[in-house]
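Residue numbers (the numbering used here): 20 to 370.
Ideal Cβ positions, reconstructed from N, Cα and C, are used throughout, including at glycine.
None of the values given here were measured: they were computed from a predicted structure.
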Ligand SMILES: Cc1cc2nc3c(=O)[nH]c(=O)nc-3n(C[C@H](O)[C@H](O)[C@H](O)COP(=O)(O)O)c2cc1C
């Protein structure tokens, strides 16, 4: 990725052996940019004795769509990746201890980060750290151009580096099967009053809201969209027999991210892999949006699992593709201030 003028210059090598409050701010400012289920930002950070600790904020859970907190922990995993990346880009080598208090996420920490040394960042890390600031979920129709196979291979290697796997759904019948499963999951969820109430709870009309999903970021179900299931198109041949228009149907890459096991450790890894994959895609000019509804429900998650060969556990489905260049740039979905999520324990302000 070419860095825009001046971008990346803030990432200077920091010669330090302790995680100072300044470094904690660098890490948490990056962490809060991570994607999270319903933009719930379900994390808490605390700097204690040079250790930056991450905990789940269960008060920000979505118990209907995410009853076991799987997606909440994944969101925290993505935030952990961002924090790690920002420190790496600053030349700080970081050790991460995951679930240091055991798997009970209500009682213990999700992760503890400490400085283990300093070394210049790889140029790739700086480019990813810059892309991290531009990443956002893009639910709009993509350009019809398919993402290149080499990019998908790169994303697969990135998820493997985080201990996860990635399957690209290319067989036409597998893609049709998945779109049916997605529609089925959507139907079940939107007919559940508790699910609708939860979505409403996380939907925001106020453009200044610092959490939740702004209405402008979602595609309403009454908005016609190009899909793999268009109506029969009769509007193709004009009076003189010429073709009137080419259909502009998106052909997104469909990626299933999974882990061998399930449970908090696997979810944390899946979140880290998701964070890495999304910033890599952003760096390559490729946009993404989750198709999470099929994994919310145990029954449809089992069907997704079968679509990937029946091994491991699917944790996330993504559609990836090139953004439509004619579309207006998406405004970023807002975040809470770091003062709301970072406790410096020594009493100094996180401002
Ligand atoms: C675990 C997880 C599950 C998500 N599920 C969905 C989903 O099913 N559909 C969707 O459109 N976005 C989904 N998202 C994206 C979030 O809504 C998005 O990250 C959040 O609103 C913040 O916006 P941003 O990604 O543009 O910064 C999910 C994100 C995470 C981390």
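Ordered along the chain, which non-local residues of its own chain (more than five positions away) have a Cβ less than 8 Å from that of residue i?
i: residue 36; result: 134, 136, 137
i: residue 167; result: none
i: residue 22; result: Note that residue 22 has pLDDT 41, beneath the 50 cutoff, so the model's placement of it is unreliable and no number is given.
So residue i packs on residue j, CB below 8 Å; how close in whole Å?
i: residue 201; j: residue 310; result: 6 Å
i: residue 96; j: residue 294; result: 7 Å
i: residue 276; j: residue 335; result: 4 Å
i: residue 353; j: residue 228; result: 7 Å
i: residue 101; j: residue 52; result: 6 Å
With a threshold of 6 Å on Cβ separation, who are the neighbours of residue i within its own chain once the five nearest residues in sequence on each side are excluded?
i: residue 286; result: 89, 92, 93
i: residue 356; result: none
i: residue 296; result: 174, 177, 178
Applying the 10 Å Cβ sphere with the 16-neighbour rule, what's the burial state of residue i?
i: residue 358; result: exposed
i: residue 288; result: buried
i: residue 129; result: buried
i: residue 123; result: exposed
i: residue 171; result: buried
i: residue 125; result: exposed
i: residue 55; result: buried
i: residue 192; result: exposed
i: residue 161; result: buried
i: residue 157; result: buried
i: residue 74; result: buried
i: residue 283; result: buried
i: residue 340; result: buried
What first and last residue would you give for the alpha helix (DSSP H) that runs through residue i?
i: residue 309; result: Residue 309 -> not in any alpha helix (DSSP H); beta strand (DSSP E) instead, spanning 306-309.
i: residue 314; result: 312-315
i: residue 173; result: 168-180
i: residue 217; result: 212-220
i: residue 46; result: 40-50
i: residue 360; result: Careful: residue 360 lies outside any alpha helix (DSSP H) and carries neither H nor E.
Quick one: residues in its chain with C-beta nearer than 7 Å to the C-beta of residue i, no 5 flanking neighbours on either side, listed in chain order?
i: residue 207; result: 316
i: residue 222; result: 231, 232, 234
i: residue 173; result: 299
i: residue 151; result: 49, 52, 101, 104, 298
i: residue 196; result: 326
What residue range does the beta strand (DSSP E) around residue i cover?
i: residue 336; result: 332-340
i: residue 62; result: 62-67
i: residue 116; result: 111-117
i: residue 184; result: 184-187
i: residue 133; result: 130-137
i: residue 70; result: 70-75
DSSP beta-bridge partners for residue i?
i: residue 272; result: 339
i: residue 280; result: According to DSSP, residue 280 bridges with nothing at all.
i: residue 156; result: 307
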